[in-house]
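In the numbering used here, the protein residues as written are 213 to 625.
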Amino acid sequence: MQTLLLAIAGLAFLMIVLEDVIHINKAKTTLFLGTLAWLLLFLFPPHGADSHLIQEKLDENILEIASLWLFLMAAMTFVAFLNHQGLIETLIYKVLPKRLSERKLMFLVAGFAFFFSSLSDNITATLISIALVLSLKMEAKKTVRFAVLVVFAVNSGGVALITGDVTTLMIFMQQKVAIDDLLWLSLPALASVMLLAGMLSIKLKGEVVISPSPRRDDKVGMMIACIFLLTIISTIILNVIAAVPPLLTFLFGLSIMFLIGRLCYRDDERESLLDYIRVIEFDTLLFFLGILLLVGMMKEIGVLDSLVRIYEVLPNTGANFVMGLLSSLVDNVPLTAALLKSDISMDAANWLTLTYAVGVGGSLLVIGSAAGIVAMSKVEAITFISFMRYSLIILVAYTVGFAGSYLVGHTLH
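Given below as C-alpha cells:
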C-alpha cells in the first residue's frame, strides 16, 4: 500500500509537469489524487492503525490546510482590491523614475521583495511583489524572469527573521539558532539574491517607461490601503508579543475592510467589497489543497521520517544541502518538523546552514514553495516547465547562499 501511495504522489507530480501537454488544470489532478490517497488510507489502513487514528491525522492536516486557505483568501482579497483601485501602480509611479533600464529595475525588484518578505509573511510579500511586476506590463518572457527573481528573493528574505518564515521560527523555537545569528544570515541570503538578479538581467537591454494611468480619487481606497499596511504590521507585532496566529489578525483586518466599505460606500453603487472574494483565484486554493493532502499523506506513512536518514550517510553540511534540494519537492514545514523530532546532533553553525537550506531550497521548482505557487497563479506565462528553465541559475544562487551561510555560521561559532 505504501508503494501505491508513493506512486500516486509521483503521478500527481508528473501531471503537474505535463500540464501544458495533457491540458488538464493542475488543481484538478492534485485534488483528485490527494483525496484518493486519503480514501485509500481509510480503506486499507497501515499496520497498527485504525480509522479513528487516521481520522485524527486527517483532522490535523485539514486544520493546517484550512488555516492556509483562509489566510490566502484574506491576503488575496486585499490585494485584489488594491489592484482594482490602481493603488499599487500609483505607489510605483511615485517611487520609481519615469524611465529606467530593465537591469536596474531587476535589482530594485530584488531588493523590495527581499526586505518586504523579511517583515511580512512570504505569501503577502509575493502577492505584492508580483502585483508590482504585472503593473509594469512587460512582455511574457521578461515577466517570467522577474517572477522567478521574486520567488527566490521572497524565500531568501524570509529566512533572516522569525517573522519571515515558518521553518526559521520552528528552528528558533527549538533553541537551535539565536536571533543575532539569523540577522547575520541575511548577508549571504541578500548576496545570493543579487547574484541571481545579475544573472537574470544579462539578456535585458531595454528600458521600462512608466506611464501613469488615470485613476479616480478615492479616499476610501487609500484608507483601506492603510488598513492593509496596519494589518501586516499588527500581524508581526501580535505574533511576537502574544503568539496571535497571523490568520486571526488578517481576518480581523479583512472584516474592518468590509465594514468600512459598507459604511463609506453606502450611497455609492460603485463598490461591493465582498465581490473581491469572488475574483480571487480559487484554482490556486484547490491546488494548495491537493498538494498539502499529498504531503500530509506522505508524512503519515513515514516517508518524511525516512528522508532524515540521509544524515546517517552524509556529513551534516552535505545532508543540509540535500535537504534544501528536497524541500523543492516536499513541503519544508513537515520536513523541518521531522528533522527536529529526530534529535539530530549538529552544532549551531550547521543549524544555521539548515535554516537557509530549507527556507530557500524550495525556490528551485515552482511547486516547491508557497511563493512559487502564488506566483504561478498570478502570472499566466509561468508553468512548471517555463519556471524550470531557470532552475540551473537558481541552483547556482542557492549554492552561493548556502556556502555563505556556512561561512557565517563557522565565523560566528
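Even glycine gets a Cβ: it sits at the ideal position worked out from N, Cα and C.
CB-CB length for residue i against residue j, believed under 8 Å
i    : j    : result
G584 : V363 : 5 Å
E419 : E314 : 7 Å
F326 : L223 : Contact flag wrong, Cβ pair sits at about 36 Å.
M509 : A249 : 4 Å
S341 : V366 : 7 Å
P458 : D333 : 6 Å
G621 : A561 : 3 Å
D517 : H625 : With a Cβ gap of about 28 Å, D517 and H625 do not count as contacting.
Simplified DSSP state of residue i, which is helix, strand or coil
i    : result
R490 : helix
L312 : strand
E351 : coil
V421 : strand
R639 : Residue 639 is absent from the structure shown; the chain starts at 213 and stops at 625.
V291 : helix
T242 : helix
V534 : helix
A337 : helix
N237 : coil
G260 : coil
A513 : As written in the sequence, residue 513 is Ile, which differs from the Ala given in the question. It is coil, neither helix nor strand.
Q297 : helix
S557 : coil
G580 : coil
R601 : coil
P400 : helix
A372 : coil
E592 : coil
Inter-residue Cα distance where the pair is residue i and residue j
i    : j    : result
K388 : L577 : 27 Å
E268 : D495 : 27 Å
I579 : S603 : 12 Å
V572 : S263 : 37 Å
M434 : S330 : 24 Å
G369 : S398 : 7 Å
A550 : L504 : 16 Å
L245 : L303 : 42 Å
V229 : I597 : 7 Å
S279 : K417 : 43 Å
I594 : K431 : 35 Å
G298 : L308 : 16 Å
L486 : F293 : 10 Å
K511 : K316 : 43 Å
F384 : L373 : 10 Å
F462 : A531 : 37 Å
Q386 : L552 : 8 Å
I436 : V360 : 29 Å
I274 : V421 : 46 Å
A643 : T247 : Coverage of the chain is limited to positions 213 through 625, which leaves residue 643 absent and any answer about it impossible.
E272 : I391 : 30 Å
T529 : F614 : 10 Å
L471 : T447 : 19 Å
D543 : K349 : 32 Å
L381 : Y618 : 19 Å
Sub-8 Å separation of residue i and residue j beta-carbons
i    : j    : result
M227 : I220 : no
T242 : L506 : yes
F599 : A569 : no
I335 : L284 : yes
F440 : G473 : no
F256 : M213 : yes
V586 : L339 : yes
D393 : L566 : no
V545 : L407 : no
Y523 : I556 : yes
T289 : I445 : no
S581 : I606 : no
L498 : A239 : yes
L501 : I277 : yes
V520 : S554 : yes
The ligand HEM heavy atom lying under 7 Å from the CB of residue i
i    : result
G433 : Among the components modelled here there is no ligand, and therefore nothing to report on the ligand HEM.
Cβ-based burial, residue i [other Cβ within 10 Å; buried from 16]
i    : result
K626 : Absent from the model: residue 626. The displayed extent of the chain is 213 to 625, so no value can be given.
R311 : exposed
R482 : At R482, the pLDDT of 47 sits below 50, so the modelled position is not reliable and the matter cannot be decided from this model.
R357 : buried
T215 : exposed
S404 : buried
F623 : In the sequence as displayed, the identity of residue 623 is Thr instead of Phe. When all chains shown are included, T623 counts as exposed.
E351 : exposed
A409 : buried
L547 : buried
I453 : exposed
I414 : exposed
I513 : buried
L442 : exposed
Within-8 Å CB hit, residue i to chain B
i    : result
T380 : No chain B is part of this structure, which consists of one protein chain only.
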